[in-house]
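Residue numbers (the UniProt record's numbering): 1 to 166. From the three backbone atoms N, C-alpha and C, an ideal C-beta is built for every residue, glycine too. Note that the structure is a prediction, hence the values are computed from the model and not measured. Note sheet for the following structure.
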Amino acid sequence: MFHASTYEGTREEREQAALSQLQALIEGESSTAANLANASALLNFYLQDINWVGFYLFDGTELVLGPFQGLPACIRIPLGKGVCGTSAARKETLRIEDVHAFPGHIACDAASNSEIVIPLVKDGQLLGVLDIDSPLKGRFSAEDQVFLERFTDRLTEALHSPLTLF
C-alpha cells in the first residue's frame, strides 16, 4: 500500500524510498495497466517541476498512449517520430533540454519545454517508453536519468512480454 510521505534525506535516500514504494506497489500484481498506472502516479507525486508523466506502449507497429498523469495527450506516435518515437526506435534514453530544438518534436502540450524518455525493454523486446515532460528547460539531469532508468528496470521486471494489460 502506498503511504504519501515527504521524501527527505539525501538524494540517494529519497530515490531509494521511491524505488521501495514502487516495489511494494507492483509486487504480486500481474496487471500491466495497474502497475503502469501506479508507477505514473508515484512518479507524479515524487518528481517536482513536471507537467506530464506516463507511458506509451508499443503495439508492434507504433506507440499507443498508456496510463499517465497530466493533460490529455497524443494517442499514437510512430517509431522514429518525436522524442518518444526516436527513443523507442533506438531503444535508448533521450534527455532533451529544449524540446523545441529537437527535430520533429511532437508538441502534445505547449507548456512542455524539456523531456526525458526511457524505453521499456525486456529480453531485447521493446514494450514501450516512460515519458516525462517539464515546463522548465533543462529540468532533467544525468542523476535523474540514472534514477529513472533504475525505476524503469525495476518496473519492467514485473511486466509481461509481449504486453497484456490485464
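Where residue i sits in the DSSP three-state scheme
| i | result |
| --- | --- |
| E62 | strand |
| I118 | strand |
| Q125 | strand |
| R90 | helix |
| I26 | helix |
| R95 | strand |
| R11 | helix |
| C84 | helix |
| S40 | helix |
In DSSP terms, what residue i is bridged to
| i | result |
| --- | --- |
| G54 | F68 and D131 |
| R76 | V64 |
Cβ neighbours of residue i in the same chain (closer than 7 Å, five flanking residues each side left out)
| i | result |
| --- | --- |
| residue 176 | A query on residue 176 cannot be resolved here, the shown segment of the chain reaching from 1 to 166 and no further. |
| K91 | P119, V121 and L126 |
| K81 | G104 and I106 |
Any non-hydrogen atom of the ligand HEM within 7 Å of residue i CB
| i | result |
| --- | --- |
| A33 | In terms of ligand content, the structure shown is empty, and the ligand HEM therefore cannot be addressed. |
With 16 other Cβ atoms within 10 Å as the buried cut-off, status of residue i
| i | result |
| --- | --- |
| Q21 | buried |
| L71 | exposed |
| E15 | buried |
Other residues of its chain near residue i: CB distance less than 8 Å, five sequence neighbours each side excluded
| i | result |
| --- | --- |
| D49 | S134, P135, L136 and R139 |
| A73 | W52, G54, L65, C108 and D109 |
Neighbourhood of residue i by C-beta, 6 Å cutoff - its chain only, sequence neighbours within 5 removed
| i | result |
| --- | --- |
| E29 | N35 |
Original post:
For the stretch 63 to 78 against the stretch 138 to 157, are there 3 or more C-beta pairs whose distance is under 8 Å?
Top reply: no
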